[in-house]
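These protein sequences, in sequence, are chains A and B. 269 is the number that this note's numbering gives the last residue of the first sequence; the numbers go up by one with no jumps. 269 is the number that this note's numbering gives the last residue of the second sequence; the numbers go up by one with no jumps. In what follows, a structure is listed as structure tokens, so that the remarks can point back to it.
Number of protein chains: 2
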Amino acid sequence: MSHFDLILKNVARIIHLSPDEERVFVGFLEEKSVKNRQFLLEEGKVCRHSTFVCHGCLKGYTVDKNGFEHILSFAPPDWWIADMFSLFAQRPGQLNIRATEASMVFQLSKTNQELLYQQVPKFERFFRVLTENSLVAHQQRILDNLSLTAEERYAHFCQKYPSLVHALPQKEIASYIGVTPEFFSKMRSRLLKTSP
Amino acid sequence: MSHFDLILKNVARIIHLSPDEERVFVGFLEEKSVKNRQFLLEEGKVCRHSTFVCHGCLKGYTVDKNGFEHILSFAPPDWWIADMFSLFAQRPGQLNIRATEASMVFQLSKTNQELLYQQVPKFERFFRVLTENSLVAHQQRILDNLSLTAEERYAHFCQKYPSLVHALPQKEIASYIGVTPEFFSKMRSRLLKTSP
DNA sequence: CGCGACGTTGATTTGCCTCAACGATTGTGG
DNA sequence: CCACAATCGTTGAGGCAAATCAACGTCGCG
Numbered sequence: 074m075s076h077f078d079l080i081l082k083n084v085a086r087i088i089h090l091s092p093d094e095e096r097v098f099v100g101f102l103e104e105k106s107v108k109n110r111q112f113l114l115e116e117g118k119v120c121r122h123s124t125f126v127c128h129g130c131l132k133g134y135t136v137d138k139n140g141f142e143h144i145l146s147f148a149p150p151d152w153w154i155a156d157m158f159s160l161f162a163q164r165p166g167q168l169n170i171r172a173t174e175a176s177m178v179f180q181l182s183k184t185n186q187e188l189l190y191q192q193v194p195k196f197e198r199f200f201r202v203l204t205e206n207s208l209v210a211h212q213q214r215i216l217d218n219l220s221l222t223a224e225e226r227y228a229h230f231c232q233k234y235p236s237l238v239h240a241l242p243q244k245e246i247a248s249y250i251g252v253t254p255e256f257f258s259k260m261r262s263r264l265l266k267t268s269p
Numbered sequence: 074m075s076h077f078d079l080i081l082k083n084v085a086r087i088i089h090l091s092p093d094e095e096r097v098f099v100g101f102l103e104e105k106s107v108k109n110r111q112f113l114l115e116e117g118k119v120c121r122h123s124t125f126v127c128h129g130c131l132k133g134y135t136v137d138k139n140g141f142e143h144i145l146s147f148a149p150p151d152w153w154i155a156d157m158f159s160l161f162a163q164r165p166g167q168l169n170i171r172a173t174e175a176s177m178v179f180q181l182s183k184t185n186q187e188l189l190y191q192q193v194p195k196f197e198r199f200f201r202v203l204t205e206n207s208l209v210a211h212q213q214r215i216l217d218n219l220s221l222t223a224e225e226r227y228a229h230f231c232q233k234y235p236s237l238v239h240a241l242p243q244k245e246i247a248s249y250i251g252v253t254p255e256f257f258s259k260m261r262s263r264l265l266k267t268s269p
């Protein structure tokens, strides 16, 4: 029951690995502990890793011209995160990736990822499926943003990230669903009155 | 200069094919002409094809509980479109795909796509890159929806789909950027006053 | 202890929606 | 080929959801 357990189970949901292949895979990983508020990637830098969260939580977000954060994604334990644009193109991106609490992660560098593809080709399939699932989730979020009210988007958020609803500062959730912290607070107190 | 020209050039932007491989590829395609307003996919059906637009234009959209359309994507010539969720999972999806004008398309069935992977493995790479690019574009759109005003989103639309700005009914554009047709009309006349 | 980050609440404003009425265009069946 | 319907775009009046601005209480942490 090693600390690789979570990430190996994550992979096993999509592809089956032999013990040898598991060893090759974990050999490419770099373990890293991250302090609260520490950056893993800053706007304007080139993203050189995919990051898998073991425990804690990260967020990926941009900052607009007025200084407001807009959260693209959270990464609680068992999730992957990266600036996909920057990682694919190996060019500077606009995303910040940062811990919302003290965390422990594994990082797979772009270089190691390509070595991994050569040594264990079925990882091509793994990351392809990951990308496909992510695309589907993002399409759903666009449709939600177009068709749902803030309350409904919050309800969806609670379903999608049940573990985060109470673990995260409210302003982070507000930013994710696309409202101001003030409005989010009012909305929440309104919800508590009707359904305790 | 055959009618396969456009789709072969589209593929060539990402992978290089030998004449033999080109022949295999086009052998898997089904040509189809589509009348204006004709459906290529209806909500609740399983999506069994990727569709490439040669000329004309398609749209992918959902209908909400109040009967309003929300457009997830347009597919002008040289673009691919499908209900990714339904295509990947081979389960019923919520997307409608429909022509916004008389169109000509090529369709690659999921079955043929898998045969193609076997016979020309580099197509794995092609569709992976397509998915990656699509993911990046969708992430950008989410961030735009979170941080930009309707006017700014319209400006982005004009940059992204210059050929569609004048070819498409205004209500379709309004639906894509997430405002009502009435508001879109007012916004547009406001813009025309300041910048003729 | 005191300072910053967070959450709450209220007053006011605004971006966008709703509803309704009205031309202009398109297209379609008789 | 025309009449009529359907679709589309425009405009105006009024309404609502959410933003903005500001004040204040609370907590955790250095």
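For glycine and all other residues, C-beta sits at the position ideal for the given N, C-alpha and C.
Proximal residues of chain B, C-beta to C-beta of residue i below 8 Å
i: A:Val215; result: Note on residue identity: the sequence assigns Ile, not Val, to residue 215 of chain A. What A:Ile215 touches in chain B: Leu145, His211, Arg214, Ile215 and Asn218.
i: A:Ser207; result: Leu208
i: A:Glu197; result: Glu197 and Arg201
i: A:Gly346; result: Not covered by the structure: residue 346 of chain A. The range shown for chain A is 74 to 269.
Beta-carbon contacts of residue i that lie in its chain and below 8 Å, excluding the five residues immediately before and after
i: A:Ser75; result: none
i: A:Val107; result: Leu113, Gly129, Leu131, Ala172, Ala175, Ser176, Met177 and Val178
i: B:Phe256; result: Ala223 and Ala247
i: B:Gly140; result: none
i: B:Cys231; result: Val238
i: B:Val97; result: Leu189, Gln192 and Val193
Contacts that residue i makes with chain B (C-beta to C-beta distance below 9 Å)
i: A:Thr41; result: Residue 41 of chain A cannot be examined here, being either before or after the span of chain A that is shown, 74 to 269.
Reduced DSSP secondary structure (H/G/I, E/B, other) of residue i
i: A:Tyr227; result: helix
i: A:Thr253; result: coil
i: A:Gln163; result: coil
i: A:His128; result: strand
i: B:Ser75; result: coil
i: A:Glu116; result: coil
i: B:Asn206; result: helix
i: B:Gly140; result: coil
i: A:Leu145; result: strand
i: A:Lys108; result: coil
i: B:His89; result: coil
i: B:Thr222; result: coil
i: B:Arg121; result: coil
i: B:Tyr134; result: strand
i: A:Ala247; result: helix
i: B:Leu264; result: helix
i: A:Ser236; result: coil
i: A:Leu216; result: helix
i: A:Val181; result: The amino acid at residue 181 of chain A is misidentified as Val; the sequence shows Leu. If DSSP states are grouped into helix, strand and coil, A:Leu181 belongs with the strands.
Neighbourhood of residue i by C-beta distance below 6 Å, restricted to the same chain and skipping five residues each side
i: B:Gly133; result: Leu145, Ser146, Ile154, Leu168 and Ile170
i: A:Ala272; result: For chain A, the structure presents residues 74 to 269; residue 272 of chain A sits outside this window and is missing.
i: A:Glu116; result: Gln167 and Asn169
i: A:Ser159; result: Val119, Cys120 and Gly166
i: A:Lys183; result: Arg121
i: A:Glu94; result: Val193
i: A:Glu103; result: Gln180
i: B:Pro242; result: none
i: B:Ala228; result: none
Chain A residues whose Cβ lies nearer than 8 Å to that of residue i
i: B:Thr204; result: Arg201, Thr204, Glu205 and Leu208
i: B:Phe158; result: Val209, Gln212 and Gln213
Rounded distance between the beta-carbons of residue j and residue i, thought under 8 Å
i: B:Asn185; j: B:Phe77; result: Wrong, their Cβ atoms sit about 15 Å apart, outside the cutoff.
i: B:Phe199; j: B:Ile87; result: 5 Å
i: A:Thr204; j: B:Leu208; result: 6 Å
i: B:His211; j: A:Ile250; result: Their Cβ separation, rounded to whole angstroms, is 17 Å, which puts B:His211 and A:Ile250 out of contact at 8 Å.
i: A:Arg201; j: B:Arg164; result: Incorrect: roughly 19 Å between the Cβ atoms, too far for contact.
i: B:Asp151; j: B:Asn83; result: 6 Å
Near the ligand NAP: residue i beta-carbon under 7 Å from a heavy atom
i: B:His239; result: The ligand content of the structure shown is nil, which means the ligand NAP is not present either.
Contacts that residue i makes with chain B (C-beta to C-beta distance below 7 Å)
i: A:Glu187; result: None at all; the shortest Cβ gap to chain B is about 13 Å.
Neighbour list for residue i in chain A, Cβ cutoff strictly below 9 Å
i: B:Phe161; result: Val202, Glu205, Asn206, Leu208 and Val209
Own chain residues within Cβ distance below 7 Å of residue i, not counting five before or after
i: B:Pro194; result: none
i: A:Tyr275; result: No answer is possible for residue 275 of chain A: it lies beyond the span of chain A, which begins at 74 and ends at 269.
i: A:Gln234; result: The displayed chain sequence assigns Tyr, not Gln, to residue 234 of chain A. Within the same chain, A:Tyr234 has close Cβ partners Phe147 and Pro149.
i: B:Glu245; result: Lys132, Ile144 and Thr173
i: B:Glu142; result: Tyr134, Val136 and Ser248
**OP:** Flag this pair as touching only if the stretch 170-190 of chain B and the stretch 123-141 of chain B have three or more C-beta atom pairs under 8 Å; answer yes or no.
**Re:** The stretch 170-190 of chain B vs the stretch 123-141 of chain B: in contact.
Open item on the list: Under 8 Å: do the stretch 223-233 of chain B and the stretch 218-229 of chain A share three or more Cβ pairs, one atom per stretch?
Closed with: no
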